[in-house]
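*Asks:* Top line first, the protein sequences correspond to chains A and B.
Just so we're aligned, residue 300 is where the first sequence starts under the numbering used here, counting upward by one.
Just so we're aligned, residue 300 is where the second sequence starts under the numbering used here, counting upward by one.
Structure provided below as structure tokens; questions to follow.
Number of protein chains: 2
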Amino acid sequence: MQLLEERIRKDGKVYDGDILKVDGFLNHRIDVGFVCELGKEFHRLFGGCGVNKILTVEASGIGIACLTAQYFGCPVVFAKKSRTSNQDAEVWSAAAHSYTHGTDHTVIVSKEYLGKDDKVLILDDFLANGCAAQALLDICGQAGAEVAGIGIVIEKAYQNGGKALRAKGIRVESLARVASMNLRDGITFC
Amino acid sequence: MQLLEERIRKDGKVYDGDILKVDGFLNHRIDVGFVCELGKEFHRLFGGCGVNKILTVEASGIGIACLTAQYFGCPVVFAKKSRTSNQDAEVWSAAAHSYTHGTDHTVIVSKEYLGKDDKVLILDDFLANGCAAQALLDICGQAGAEVAGIGIVIEKAYQNGGKALRAKGIRVESLARVASMNLRDGITFC
């Protein structure tokens, strides 16, 4: 999506340690009008798929999911992060590892809000190694919910997450796919 | 706001320990169309105040803030929670205590995204003792930003947070004000 690639080139900041910061419009300050344009694009891509629920994970996915859900006319469920494993009989849960923060955590969704009648679009801001997306897929599997696909704002296409998900036959649509990035040469897109 | 009071009566769940769960439409599953109605009401209340930024705190404030910001045509900044105190020269920070979780944490906002040219509407899902709101006010003070007011979805009016804020001369508008709640009698509104 050209609008997004331009914005990443303009406002994204590359740091050592494979970090791309988009805090200025997506992750800390949210440019709501701009994110609505991303939401319209997700709807163009997945609008014909019968999606009746958007699933994301706190915190940075919530704004994108809520603004996008308006075009689908469906609710959002956001998975909560827990520092401890959660064996509560009332929740679906899956383990996830954050490479950014070097931490393990559990993501949980109340059984009340995800089930076999749901057709789910999973949304997230970033896809790199795919841990968060895998955890959300795992939760959909436990719930018996059908997954229409995964929508990602920025995919680090040089990492393995997207490849592994697509190899499973899952439809993954990333609005921008970063081919490479470093301090010297900046960002190139696929 | 009658629509909200009706929804809280219908879907809110009262638990021991002064807990009101509204996970079904506000805090875990988000009824996006319904939250847009709350956003329109916040805009009716604060639309004439020159607000150019909405400030909230992760995670449960983000959806409300993003959906409301559309009516104001302004961006959202969400404060991040950190478990440790943060002395980073690049952020405004304030301490906050969560009575729900019994934890202390620090909320931080990058100096880049809040400053003296901002006229801020602070939004949050709940107001009880007012710790989160006080921390966000503190951050606005550090940044030299003007605060147009505080918009709250559900105020526990029998706790002191709202009273203390209003005593400081801050405009606080709560869409629903709970006068009392308990397992036996349910919820009554002011």
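For each residue, glycine too, the CB sits at the ideal point set by N, CA and C.
1) Is the CB of isoleucine 421(B) under 8 Å away from at least one CB in chain A?
2) Where in the region 448 to 477 of chain B do unbroken runs of the alpha helix (DSSP H), each at least 4 residues long, occur, reported from the N-terminal end onward?
3) Our contact map puts alanine 432(B) next to leucine 474(B) with C-beta atoms below 8 Å; I'd like the distance itself, whole angstroms only.
4) Let me make sure I understand the geometry here. Which of Ile363(B), Tyr398(B), Ile329(B), Cys373(B) has the alpha-carbon closest to that of cysteine 348(B)?
5) Give the interface partners of glutamine 369(A) over in chain B, defined as CB-CB distance under 9 Å, in chain order.
6) Do you know offhand how far histidine 342(B)'s Cα is from tryptophan 391(B)'s?
7) For lysine 380(B), does the three-state DSSP call read helix, strand or coil?
8) Under 7 Å Cβ-Cβ, which residues of chain A neighbour tyrosine 412(B)?
9) On the DSSP bridge list, what partners appear for methionine 480(B)?
10) For valine 356(A) versus lysine 380(A), is the C-beta spacing smaller than 8 Å?
11) Would you kindly report the start and end of the unbroken beta strand (DSSP E) that includes alanine 444(B)?
12) Hey, out of Phe371(B), Ala444(B), Ile363(B), whose CA is closest to lysine 415(B)'s CA?
13) If you drop the 5 nearest sequence neighbours on each side, which residues of the same chain put their C-beta closer than 6 Å to that of glutamate 304(B)?
14) Take glycine 332(A) as the anchor and find which of Ala378(A), Val446(A), Gly362(A) has the nearest alpha-carbon.
15) Would you report the Cα separation of isoleucine 449(B) and glycine 461(B), rounded to the nearest angstrom?
16) With 8 Å set as the bound, which would you pick, yes or no: does the beta-carbon of glutamate 445(A) sit closer than that to a beta-carbon of chain B?
17) With a threshold of 16 other CB atoms inside 10 Å of the CB of lysine 327(B), please say whether the residue is buried or exposed.
18) Is there a Cβ of chain A sitting closer than 8 Å to that of alanine 388(B), yes or no?
19) With a threshold of 16 other CB atoms inside 10 Å of the CB of aspartate 403(B), please say whether the residue is buried or exposed.
20) From arginine 308(B) to threonine 383(B), what does the alpha carbon distance come to, in whole angstroms?
21) Cutting at 7 Å between CB atoms, please list the residues of its own chain near tyrosine 456(A), excluding the five before and the five after it.
22) Hey, quick one: how far does the beta strand (DSSP E) through valine 425(A) stretch, first residue to last?
23) Closest to leucine 422(A) by C-alpha separation, out of Phe377(A), Gln441(A), Ala466(A), would be which residue?
24) Please report the straight-line C-alpha distance between histidine 396(B) and arginine 470(A), rounded to a whole angstrom.
25) For alanine 447(A), which residues of its own chain have a beta-carbon under 8 Å away from its beta-carbon, when the five flanking residues on both sides are left out?
26) At least one CB of chain A closer than 8 Å to the CB of serine 409(B): is that the case?
27) Taking only runs of the alpha helix (DSSP H) that begin and end inside the region 331 to 398 of chain B, which ones reach a length of at least 4 residues, in chain order?
28) Compute the beta-carbon to beta-carbon distance between leucine 366(B) and cysteine 365(A), rounded to the nearest angstrom, for a pair I have assumed lies under 8 Å.
29) Count the other CB atoms, across all protein chains shown, that sit within 10 Å of the CB of alanine 398(A); report buried if there are 16 or more and exposed otherwise.
30) If you follow the beta strand (DSSP E) that aspartate 322(B) is part of, which residue opens it and which one closes it?
31) For chain A, check one thing: does any of its Cβ atoms lie closer than 8 Å to the Cβ of isoleucine 307(B)?
32) Note down the Cα distance separating alanine 358(A) from aspartate 322(B), rounded to an integer number of angstroms.
33) Can you check whether the CB of alanine 434(B) is closer than 8 Å to the CB of valine 408(B)?
34) Please check if any C-beta of chain A sits within less than 8 Å of the C-beta of lysine 339(B).
35) When the cut-off is 8 Å and only beta carbons count, does alanine 358(B) lie next to chain A?
36) I believe alanine 368(A) touches isoleucine 438(A) by the beta-carbon criterion, under 8 Å. Please report the beta-carbon distance rounded to the nearest angstrom.
*Replies:* Answer, in terms of the structure:
1) Translated into the one-based positions of the second sequence, residue 421(B) becomes position 122. Output row for isoleucine 421(B): interface = no.
2) DSSP runs (the alpha helix (DSSP H)) wholly in the region 448 to 477 of chain B: 460 to 466.
3) Here residue 432(B) refers to the residue found at position 133 when the second sequence is read from its first residue. Here residue 474(B) refers to the residue found at position 175 when the second sequence is read from its first residue. In fact, because the Cβ distance is near 15 Å, the residues do not count as touching under 8 Å.
4) Counted from its first residue, the second sequence places residue 348(B) at position 49. Of the listed residues, the one whose Cα sits closest to cysteine 348(B) is Cys373(B).
5) Taking the first residue of the first sequence as position 1, residue 369(A) is located at position 70. Those are Val331, Gly332, Cys335, Leu366, Gln369, listed as they occur along chain B.
6) Locating residue 342(B) in the second sequence gives position 43, counting from the first residue. Locating residue 391(B) in the second sequence gives position 92, counting from the first residue. Each residue's alpha carbon lies about 27 Å from the other.
7) Here residue 380(B) corresponds to residue number 81 of the second sequence, with the count starting at 1. Strand.
8) Position 113 of the second sequence, counting from 1, holds the residue named residue 412(B). Within chain A, the residues placing a beta-carbon under 7 Å from that of tyrosine 412(B) are His327, Arg328, ordered along the chain.
9) As a working mapping, residue 480(B) is identified with position 181 in the second sequence. According to DSSP, methionine 480(B) bridges with Ile486(B).
10) Numbered from 1 along the first sequence, position 57 holds the residue referred to as residue 356(A). Numbered from 1 along the first sequence, position 81 holds the residue referred to as residue 380(A). Closer than 8 Å, so yes.
11) For the purposes of this step, residue 444(B) is taken as the residue at position 145 of the second sequence. The continuous stretches of beta strand (DSSP E) do not include alanine 444(B), and DSSP gives it neither H nor E.
12) Walking along the second sequence from the start, residue 415(B) turns up at place 116. The residue with the shortest Cα to Cα distance from lysine 415(B) is Ala444(B).
13) Stepping through the second sequence from its first residue, residue 304(B) is reached at position 5. Cβ neighbours of glutamate 304(B) beyond the five flanking positions: Ala475, Phe488.
14) As a working note, residue 332(A) is residue 33 in the first sequence. Glycine 332(A) has its Cα closest to that of Gly362(A), out of Ala378(A), Val446(A), Gly362(A).
15) Along the second sequence, one-based indexing puts residue 449(B) at 150. Along the second sequence, one-based indexing puts residue 461(B) at 162. For the pair isoleucine 449(B) and glycine 461(B), the Cα-to-Cα distance works out to about 10 Å.
16) By one-based count along the first sequence, residue 445(A) stands at place 146. So no, glutamate 445(A) is outside the interface.
17) Counted from its first residue, the second sequence places residue 327(B) at position 28. For clarity, residue 327(B) is histidine in the given sequence; the question names lysine instead. That one is buried.
18) Here residue 388(B) refers to the residue found at position 89 of the second sequence. Answer no: the Cβ-Cβ gap between alanine 388(B) and chain A never drops below 8 Å.
19) In the second sequence, the residue the question calls residue 403(B) occupies position 104. By the 10 Å Cβ count, aspartate 403(B) comes out exposed.
20) The residue labelled residue 308(B) in the question sits at position 9 within the second sequence. The residue labelled residue 383(B) in the question sits at position 84 within the second sequence. Each residue's Cα considered, the two are about 38 Å apart.
21) By 1-based counting over the first sequence, the position of residue 456(A) is 157. Note on residue identity: the sequence assigns alanine, not tyrosine, to residue 456(A). Counting only residues of its own chain and dropping the five nearest sequence neighbours on each side, alanine 456(A) has a CB closer than 7 Å to the CB of Arg476, Val477, Ala478, Cys489.
22) In the first sequence, the residue the question calls residue 425(A) occupies position 126. The residue asked about is misnamed: residue 425(A) is phenylalanine in this sequence, not valine. For phenylalanine 425(A), the enclosing beta strand (DSSP E) stretches over residues 418 to 426.
23) Translated into positions along the first sequence, residue 422(A) becomes position 123. Checking every option, the nearest Cα to that of leucine 422(A) belongs to Phe377(A).
24) Here residue 396(B) refers to the residue found at position 97 when the second sequence is read from its first residue. Here residue 470(A) refers to the residue found at position 171 when the first sequence is read from its first residue. In a straight line, the C-alpha of histidine 396(B) is about 42 Å away from that of arginine 470(A).
25) Working through the first sequence from its first residue, we reach residue 447(A) at position 148. Answer for alanine 447(A): Phe345, Cys348, Gly349, Val350, Lys418, Val419, Leu420, Arg470, listed in chain order.
26) Locating residue 409(B) in the second sequence gives position 110, counting from the first residue. Interface annotation, serine 409(B): in contact with chain A, CB-CB separation under 8 Å.
27) Entirely contained in the region 331 to 398 of chain B, the alpha helix (DSSP H) runs reaching 4 residues are, in chain order, 331 to 345, 359 to 371.
28) Start at 1 with the first residue of the second sequence, and residue 366(B) comes out as number 67. Start at 1 with the first residue of the first sequence, and residue 365(A) comes out as number 66. With a Cβ gap of about 6 Å, leucine 366(B) and cysteine 365(A) count as contacting.
29) Indexing the first sequence from 1 puts residue 398(A) at position 99. In the sequence as presented, alanine is not what sits at residue 398(A); that position holds tyrosine. Taking every protein chain shown into account, the CB of tyrosine 398(A) has fewer than 16 other CB atoms within 10 angstroms, so this residue is exposed.
30) If you number the second sequence from 1, residue 322(B) lands on position 23. Unbroken run through aspartate 322(B): none, as it is neither H nor E.
31) For the purposes of this step, residue 307(B) is identified with residue 8 of the second sequence, where counting begins at 1. The beta-carbon of isoleucine 307(B) is placed no less than 8 Å from the nearest beta-carbon of chain A.
32) Sequence index remark: in the first sequence, residue 358(A) carries index 59 (1-based). Sequence index remark: in the second sequence, residue 322(B) carries index 23 (1-based). Rounded to whole angstroms, alanine 358(A) to aspartate 322(B) spans 16 Å at the Cα level.
33) Your numbering for residue 408(B) matches position 109 in the second sequence. Your numbering for residue 434(B) matches position 135 in the second sequence. Cβ distance not < 8 Å, so valine 408(B) and alanine 434(B) don't count as in contact.
34) Against the second sequence, residue 339(B) aligns to sequence position 40. It does not: the Cβ of lysine 339(B) has no partner Cβ on chain A nearer than 8 Å.
35) Within the second sequence, numbered from 1, the residue matching residue 358(B) stands at position 59. So, interface residue.
36) Working through the first sequence from its first residue, we reach residue 368(A) at position 69. Working through the first sequence from its first residue, we reach residue 438(A) at position 139. Between isoleucine 438(A) and alanine 368(A) the Cβ distance is about 18 Å, and since that is not below 8 Å, they are no contact.
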